[in-house]
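Residue numbers (my numbering): 336 to 562. Ideal Cβ placement from N, Cα and C applies to all residues, glycine included.
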Ligand code: CO
């Protein structure tokens, strides 16, 4: 596998590159060519429809590339990403993605995937301000406050951040389950499971946080004493 670290940076010696990003277009041509070589007519077929089974709700972090982590190609994963992989009740962007995925694309799985060492989670724990983003991270601060008794037990910073990353995912799974979109889908017996996973940037591996809800019964049992 060709792993490049930092090769995609703009070659700033040529001012024209600032406006055209030729290296990214070159990468794109190579990628399209190799896909087409391995799967002739891949793009023509894909252009006619998308039929993903999964919706991925993940962090914007550049080290957590959704498709690559789970080995899925174009057309197989519907994706929504934001800082901290949050599902905020009034966020029309995220809600619209969930609604389209569930009602129109009929995905069978919604995966909320956080990651250890999340910058959004870390920033939410700091006393210093970061600007507008602090408003977005408010929900994570609330999760921290809610679980402060448990979180007090974590003496080292890394373990504390990582546990809050996990609690954040669990809370976002709860929020997904609580949407009218998922509640309505379950009420009409649509096959739909909501998963909570966390990804380790240091080892490239996913962990299942075992809060999967595939219906109202699961949802009630899993979150009975949680929030
Ligand atoms: Co993150």
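| field | Own chain, CB closer than 8 Å to residue 388, minus 5 neighbours either side, in chain order | value | 411, 442, 443 and 444
Buried/exposed call for residue 420, threshold 16 Cβ in 10 Å
buried
Anticipated Cβ contact below 8 Å, residue 511 with residue 439, distance rounded | Contact flag wrong, Cβ pair sits at about 17 Å.
**Report entry** Spatial neighbours of residue 481 in its chain, beta-carbon cut-off 6 Å, leaving aside the 5 residues before and after
**Finding:** none
Query - residue 381 in three-state terms, based on DSSP - result: helix
In the DSSP assignment, the alpha helix (DSSP H) including residue 499 goes from what residue to what residue? 492-513
Considering only the beta carbon of each residue, do residue 450 and residue 538 sit closer than 8 Å? no
In angstroms with no decimal places, state the Cα-to-Cα distance between residue 370 and residue 381. 12 Å
For residue 455, the first and last residue of its enclosing beta strand (DSSP E): Note, residue 455: premise wrong, no beta strand (DSSP E); alpha helix (DSSP H) at 454-460.
message = Alpha carbons only, please: which of 494, 487 and 426 is nearest the one belonging to residue 280?
response = Coverage of the chain is limited to positions 336 through 562, which leaves residue 280 absent and any answer about it impossible.
Taking DSSP's pairing of strands, which residues face residue 528 in a bridge? 444
Which first and last residues belong to the alpha helix (DSSP H) in which residue 414 is found?
Element bounds for residue 414: not the alpha helix (DSSP H) but the beta strand (DSSP E), 412-417.
Does the beta-carbon of residue 419, which I'm using as the reference point, lie nearer than 7 Å to any heavy atom of the ligand CO? yes
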